Ligand SMILES: [Zn+2]
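Residue numbers (my numbering): 232 to 502.
Right under this line is the structure:
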């Protein structure tokens, strides 16, 4: 998501919306298409922020365009002459030319326009969003404080958006591999050294992921604004490497179902 935010910052900030076309009914579901379109047309995009998995486009009208891609949504930059691919549900054309398109085969994603005041009641998840190490680094002392207030096991904790914003199934496995910690450890069982390792792993893995434009897997739709898949999946140490040799100790990587999700880890060197 951070990769997409950086793309938007380069490509749409400073542009003014000329027209908006909405097709498909599920993409705009919190307001009518008419309201959605009227709040966007004529507005200039002043900035783009990411909070967890949400993208917030700040408009010069004071409103915010909220974009949540969920599992299947894609944002693509295009020219008006480019063929419109199947499942394109929204096309925004800028006065300077060029378009931003929202493509979503499974229609889980959504877009809506709101105000800064209403944002957290519209998206309650944003009201208590956890720390975001990519956006705003914080000291490890503060990290430890927040960690010790939790009693959840490490894997679900890393995926809890109120603890850590923006981390899902893939990055939680990569972070725990990097830290050399098992997914079912609890914060209270960690030594000071292990807390430091966990903190460092979070920062390192997320920065590396952003540098390599995220991970694209066969069952996911993630691409950057130009339709290019990410490259971080080539560097995965644990995720989707079941049976392959651990790059640290050569033991085979294990796969275990935790909740509904597969967890990949090295049973030998993650302790
Ligand atoms: Zn290992």
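Ideal placement from N, C-alpha and C gives every residue a C-beta, glycine not left out.
Quick caveat, the model's predicted, so the values are computed rather than measured.
**Report entry** Own chain partners of residue 336 with C-beta closer than 6 Å, once the 5 adjacent residues on each side are dropped
**Finding:** The residues are 303, 318.
**Report entry** Minimum C-alpha distance to residue 441 - residue among 363, 262, 278
**Finding:** Selected option, being the one with the closest Cα: 363.
Requested in this report: Provide the residue span of the alpha helix (DSSP H) that contains residue 402, from first to last.
Outcome: Counting along the chain, the alpha helix (DSSP H) containing residue 402 begins and ends at 400-410.
Query raised in the report: Do you know how far the Cα of residue 339 is from the Cα of residue 239?
Result: Those two C-alpha atoms are separated by around 21 Å.
**Report entry** Which of helix, strand or coil DSSP assigns to residue 299
**Finding:** Reduced to three states, the DSSP call for residue 299 is strand.
Requested in this report: Inspect the beta-carbon positions of residue 478 and residue 468 and report whether they are closer than 8 Å.
Outcome: Going by C-beta atoms, residue 478 is nearer than 8 Å to residue 468.
Query raised in the report: Is the Cβ-Cβ distance between residue 347 and residue 378 less than 8 Å?
Result: No.
**Report entry** residue 291 classed as buried or exposed, judged by whether at least 16 other C-beta atoms fall within 10 angstroms
**Finding:** Counting Cβ neighbours within 10 Å, residue 291 comes out exposed, since fewer than 16 surround it.
Query raised in the report: My guess is that residue 259 and residue 343 are in contact by the Cβ rule of under 8 Å, so how many angstroms apart are they, rounded?
Result: Rounded, the Cβ-Cβ distance is 7 Å, consistent with contact.
Query - Check whether residue 434 and residue 405 have beta carbons under 8 Å apart - result: In this structure, residue 434 lies away from residue 405, with their beta-carbon atoms at least 8 Å apart.
Query raised in the report: Which one of 283, 309, 431 has the shortest CA to CA distance from residue 457?
Result: Per the C-alpha coordinates, the member of 283, 309, 431 positioned closest to residue 457 is 309.
Query raised in the report: Below 8 Å, can you find three or more Cβ-Cβ pairs linking the region 354-371 to the region 316-331?
Result: With a cut-off of 8 Å, the region 316-331 and the region 354-371 do not count as touching, because too few Cβ pairs lie within range.
Query raised in the report: What's the C-alpha gap between residue 391 and residue 382?
Result: If you take the alpha carbons of residue 391 and residue 382, they lie about 12 Å apart.
Query raised in the report: So who's on the other strand from residue 285, going by DSSP bridges?
Result: Partner(s): 282, 299.
Query raised in the report: Which residues mark the beginning and the end of the beta strand (DSSP E) in which residue 486 is found?
Result: Element bounds for residue 486: 485-489.
Report task. Please find out if some non-hydrogen atom of ligand 1 comes closer than 7 Å to the beta-carbon of residue 479. Result -> Taking 7 Å as the cut-off, one finds at least one heavy atom of ligand 1 near enough to the beta carbon of residue 479.
Query raised in the report: At what residues does the alpha helix (DSSP H) containing residue 464 begin and finish?
Result: Where residue 464 is concerned, there is no enclosing alpha helix (DSSP H), because DSSP gives it neither an H nor an E.
Query raised in the report: Identify the residues that DSSP records as bridge partners of residue 319: which are they?
Result: Partner(s): 334.
Report task. Just mark residue 403 as buried or exposed, buried being the case when its beta carbon has 16 or more other beta carbons within 10 Å. Result -> Buried, by the Cβ-count rule.
Query raised in the report: Is any heavy atom in ligand 1 found nearer than 7 Å to the beta carbon of residue 422?
Result: For ligand 1, not one heavy atom lies less than 7 Å from the Cβ of residue 422.
Query - Residue nearest to residue 484 in terms of C-alpha spacing, selected from 312, 243, 470 - result: That would be 470, whose Cα lies nearest to the Cα of residue 484.
Query raised in the report: Among residues of its own chain, excluding the 5 on either side of residue 271, which ones have a beta-carbon nearer than 6 Å to its beta-carbon?
Result: Only 248, 251 meet the Cβ criterion.
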